[in-house]
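Novice: Quick one: this structure, given as structure tokens, is what I'll be asking you about.
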Amino acid sequence: MKKVNYEEAVHVYGRIWMLSAFVMMLMIPTSIGVYYGAWPELSGVVKGLLGVAPIFWTVAVIEIITYTPMLGSGGSYLGFVTGNLTNLKVPCALYAMENAKVKQGTLEGEVISTIAIATSSIVTTIIIAVGVLMLTPLTPILNSDFLKPAFDNILPALFGGLAVVYVSKNWKIAMAPLIFMITLFVWIPSLAHSVSVLVPVGSLIAIVVARLLYVKGHL
Amino acid sequence: MNFNLNSGFLFLVAFIVVVFVLAQSFFFLIKAVRQAKKMKLSPDVVKSTILSSAVFTIAPAISILLGVISLSKFLGLPLPWIRLSILGALTYELTAAASAAASVGVVVTEQITDPKAFTTIVWVMTIGIIPSVVLIPLFLKKIQGGIVRVKNKDLKWGDLFITAIFLGMISAFLGVVFAEIRSGLQGWIPVFVLLFSALIMMICGLLLKKYKVKWIEDYALPFSILGAMAFSIFITNLIG
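If you read the protein sequences in the order shown, they are chains A and B.
Residues 1 to 219 (this note's numbering) are what the first sequence spells out, left to right.
Residues 1 to 240 (this note's numbering) are what the second sequence spells out, left to right.
Next comes the structure, spelled out in structure tokens:
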């Protein structure tokens, strides 16, 4: 009974928050336009959108399908408003569930994932706000040549550690998509720019392999 | 009204967005913590989830701050602050801003002075990123319902299914690290960083399992990230 109550409530509140976020996001350009009396020409917006919307909108759909099962409902309503999913919220939530020894897709997983994403969103927002306020002293440090490689390599630094946790545990499922992806990127390096579009390809390979191994009783 | 990329008005808009994001995050945090109590989840687990998530977030959040700084040279400070605080990621924002800038004939290397060009960019960035805010309220319940059905039909397969989705994602991001290896030794730097991060994680695992250093469990991933970032400075200087 509890499960129904909490999850139903999350959907109701989640939708309210998301609708509010939608209105607020549209209010940002509207209010700027009103304040400065500057309205864009439709053709400019359409032209600009043509360059990005086909990819962004596809990625948005892919992210929703891939990430929502991992993040749970509360985590998704929050994570898809606060953003930075791939590089922050998704690994953070998964790692928290792993440490708490709860599974994705259960009520315990749902709660832990939401706590992790909420904490991560709060910390991110505060760090950015403090950073913006202290920009003058911080900029030369953060932009220094010395620190540049560290920030250039944040994704391999993040996924290396995560891989040990997950790949080692599920290496039978992970090998095929991993070999496929490494071969693909070595073969066609320019695909690195469309890595988000390749996520579902990797997932599909992993699902097929997992199903085959499962049916044959190897998992 | 005189146009200024760093006007008080734009900072006010940014402030409102930040308050909104914090309010939503605290709302869900409190709701989930209360539910955890109701379910009798150990308070220690809740506490360590909050602590380790906070520590884990520091390095990626600073890299997002770097994104705000790099975009601010072109868009002023408040707009990138807004965009990266709500549903943003640097790769999206940069591409969207560049595409919109090109459509109104300005370059991304100089600060914008034309308010019309600026609002065009803001509109493109907003509409480009907005679909998830529309799609999630419409479809999330259905997607979650589908997952529950898969799980109810076969519990073990349900777990494997979600694990497989995640392994697919992690494979793509591991694979991309190898994209530059044909360009010479420098192209291997991300691979070395990845391996170093993995090594730290293994050492943490060893300390946990063999020597029972229990507290390390919550900090193993932040350690791996920060250690590998430090290593990347060393290795880049060595072979870069």
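Just so you know, even glycine gets a beta-carbon here, dropped at the ideal spot from N, CA and C.
Because the structure is a prediction, the values reported are computed rather than measured.
Which partner residues does A:Gly83 have in the DSSP bridge list?
Specialist: B:Gly88
Novice: Helix, strand or coil: which one does DSSP assign to A:Lys103?
Specialist: coil
Novice: Beta-carbon separation of A:Ala118 and B:Phe28 under 7 Å?
Specialist: It is a contact, given that the beta carbons lie within the stated cut-off.
Novice: Here's the rule: buried if 16 or more other CB atoms are within 10 angstroms of the residue's CB, otherwise exposed. What is B:Val107?
Specialist: exposed
Novice: Counting only Cβ pairs nearer than 8 Å, list the residues of chain B close to A:His11.
Specialist: Leu140, Lys141
Novice: Would you check if the distance between the CB atom of A:Met18 and the CB atom of B:Val133 is smaller than 7 Å?
Specialist: yes
Novice: For the alpha helix (DSSP H) that contains B:Lys47, what are its first and last residues?
Specialist: 43-75
Novice: By Cβ distance, which residues of its chain are closer than 7 Å to A:Leu94, with the 5 residues on each side in sequence left out?
Specialist: Met70
Novice: Output yes if chain B places a C-beta closer than 7 Å to the C-beta of A:Trp171; else output no.
Specialist: no
Novice: Between the beta-carbon of A:Ala206 and the beta-carbon of B:Thr119, is there less than 7 Å?
Specialist: no
Novice: For B:Ile130, which of helix, strand or coil comes out of DSSP?
Specialist: coil
Novice: Figure out for me which residue from B:Val13, B:Ser232, B:Lys40 has the closest Cα to the Cα of A:Leu147.
Specialist: Checking every option, the nearest Cα to that of A:Leu147 belongs to B:Ser232.
Novice: Determine, using beta carbons only, whether B:Val177 and A:Pro29 come nearer to each other than 7 Å.
Specialist: Taking 7 Å as the Cβ cut-off, B:Val177 and A:Pro29 do not qualify as a contacting pair.
Novice: In terms of alpha-carbon separation, which member of A:Arg15, A:Ala21, A:Val12, A:Tyr13 lies closest to B:Ile262?
Specialist: The question about residue 262 of chain B has no answer here: the residues shown for chain B are numbered 1 through 240.
Novice: Ordered along the chain, which non-local residues of its own chain (more than five positions away) have a Cβ less than 7 Å from that of A:Glu98?
Specialist: Val165
Novice: Taking the alpha helix (DSSP H) that B:Gly227 belongs to, which residues open and close that run?
Specialist: 216-239
Novice: Can you find at least 3 beta carbon pairs, one from the segment 165-184 of chain A and one from the segment 137-147 of chain B, that sit closer than 8 Å?
Specialist: no
Novice: Can you tell me which of B:Leu65, B:Leu87, B:Ala98, B:Met201 puts its alpha carbon nearest to the alpha carbon of B:Phe74?
Specialist: B:Ala98
Novice: For a cutoff of 7 Å on Cβ pairs, would you count B:Gly8 as touching chain A?
Specialist: no
Novice: Sort B:Ser171, B:Ala96, B:Ile69 by Cα distance to A:Asn143 and report the nearest one.
Specialist: Closest option to A:Asn143, Cα to Cα, is B:Ile69.
Novice: Which residues, taken in chain order from the segment 17-30 of chain A, show a beta carbon closer than 8 Å to some beta carbon of chain B?
Specialist: Trp17, Met18, Leu19, Ser20, Ala21, Phe22, Met24, Met25, Leu26, Ile28, Pro29
Novice: Just the Cα atoms here: how many angstroms apart are A:Lys2 and A:Gly105?
Specialist: Interpretation of A:Lys2 is limited by its pLDDT of 48, a score under 50 that renders its predicted location unreliable; no figure is taken from the coordinates.
Novice: Whole angstroms is fine: what's the gap from B:Lys38's alpha carbon to B:Tyr92's?
Specialist: 40 Å
Novice: Establish whether the CB of B:Phe74 and some CB of chain A are separated by less than 7 Å.
Specialist: no
Novice: Taking only beta-carbon atoms, is B:Lys210 less than 7 Å away from chain A?
Specialist: no
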